[in-house]
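Participant: Numbering (my numbering), first residue to last: 5 to 243. Ideal Cβ placement from N, Cα and C applies to all residues, glycine included.
1. Closer than 8 Å by C-beta to residue 137: which residues in its own chain qualify, once you throw out the five before and the five after it? Chain order, please.
2. Leaving out the 5 sequence neighbours to the left and right, which residues in its chain are closer than 6 Å to residue 11 when beta-carbon positions are compared?
3. Would residue 180 be called buried (16 or more neighbouring beta carbons within 10 Å of its own) or exposed?
4. Write down the C-beta distance between residue 65 and residue 28 rounded to the nearest angstrom, noting that I regard them as a contact closer than 8 Å.
5. Can you name the residues that DSSP bridges to residue 158?
6. Could you tell me if residue 44 is buried or exposed, where buried requires 16 or more neighbouring beta carbons within 10 angstroms of its beta carbon?
7. With C-beta atoms as the reference, is residue 61 less than 9 Å away from residue 103?
8. Considering only residues of the same chain and omitting the five flanking positions on each side of residue 16, which have a CB-CB separation below 7 Å?
9. Counting C-beta neighbours from all protein chains within 10 Å, is the total for residue 143 16 or more, i.e. buried, or is it exposed?
10. Keeping to the same chain, check which residues put their C-beta closer than 8 Å to that of residue 119; ignore five residues upstream and five downstream.
11. When the Cα atoms are used, what is the spatial distance from residue 133 to residue 78?
12. Which first and last residues belong to the beta strand (DSSP E) in which residue 44 is found?
13. Please classify residue 23: does DSSP put it in a helix, a strand, or coil?
14. Any idea what DSSP makes of residue 164, helix, strand or coil?
15. Quick one: what's got a C-beta closer than 6 Å to residue 50's C-beta in the same chain, skipping five residues either side?
16. Looking only at DSSP bridge pairs, what is residue 52 linked to?
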């Protein structure tokens with residue numbers, strides 16, 4: 005997640021920085037939604053339940069770093085199971101959107117049967133990073149210069165594993181795309197909008213009052229998820 009291979013302006017920023025910036029921009033454009041925040045790597049943690057308090061949400065978002073979870077790994081099954089729990093108390097359904105670099109090993113997991121049976125949940129998977137990859141900063145020296153992770157005297161390069169992204173999308177029966185520059189994130193907003201319309205069209209008229217989206221932001225040793233609950237303008241009106 006700290007890999008600096010996402011093109012932004014005239015340089016590169018880390019995958020985590022890029023995704024957090026996208027979330028911040030998205031929330032600013034959509035301040036009336038409900039948002040929840042979770043993180044996971046080898047395990048998952050719920051950081052913030054659904055809230056419409058944008059200021060509170062941004063406070064928790066700003067505090068997300070690669071040090072929030074000590075257990076390394078990428079447990080996708082646990083991630084999707086935890087994400088699904090946010091949808092179990094209503095029948096509106098929605099979309100689970102995953103950001104990941106694909107992990108460091110071949111993905112091999114299966115969705116729990118209760119998720120497979122829920123036809124109101126749709127999936128989008130976005131691979132973040134580049135096939136060329138980038139270095140992993142781990143600190144700074146006494147001169148303020150970045151220190152990068154090394155192995156056997158060589159700087160470690162972390163690459164996006166596209167085949168893993170494709171495999172994840174296949175397992176969860178969803179669509180996928182790849183994001184390697186910050187400008188690519190503009191496609192995400194369009195995909196979210198299309199998915200929301202698709203989900204809404206599948207429901208009966210009396211189920212259209214709530215539209216829900218769930219974003220999972222995933223990285224090699226760290227996964228951040230963002231849950232979007234899109235509220236229809238009619239919500240709150242007396243029936």
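Facilitator: Reading it off the structure:
1. 7, 9, 161, 162, 163, 164
2. 185
3. buried
4. 7 Å
5. 155
6. buried
7. no
8. 8, 9, 10, 138
9. exposed
10. 84, 85, 88, 125
11. 16 Å
12. 38-44
13. helix
14. coil
15. 42
16. 41
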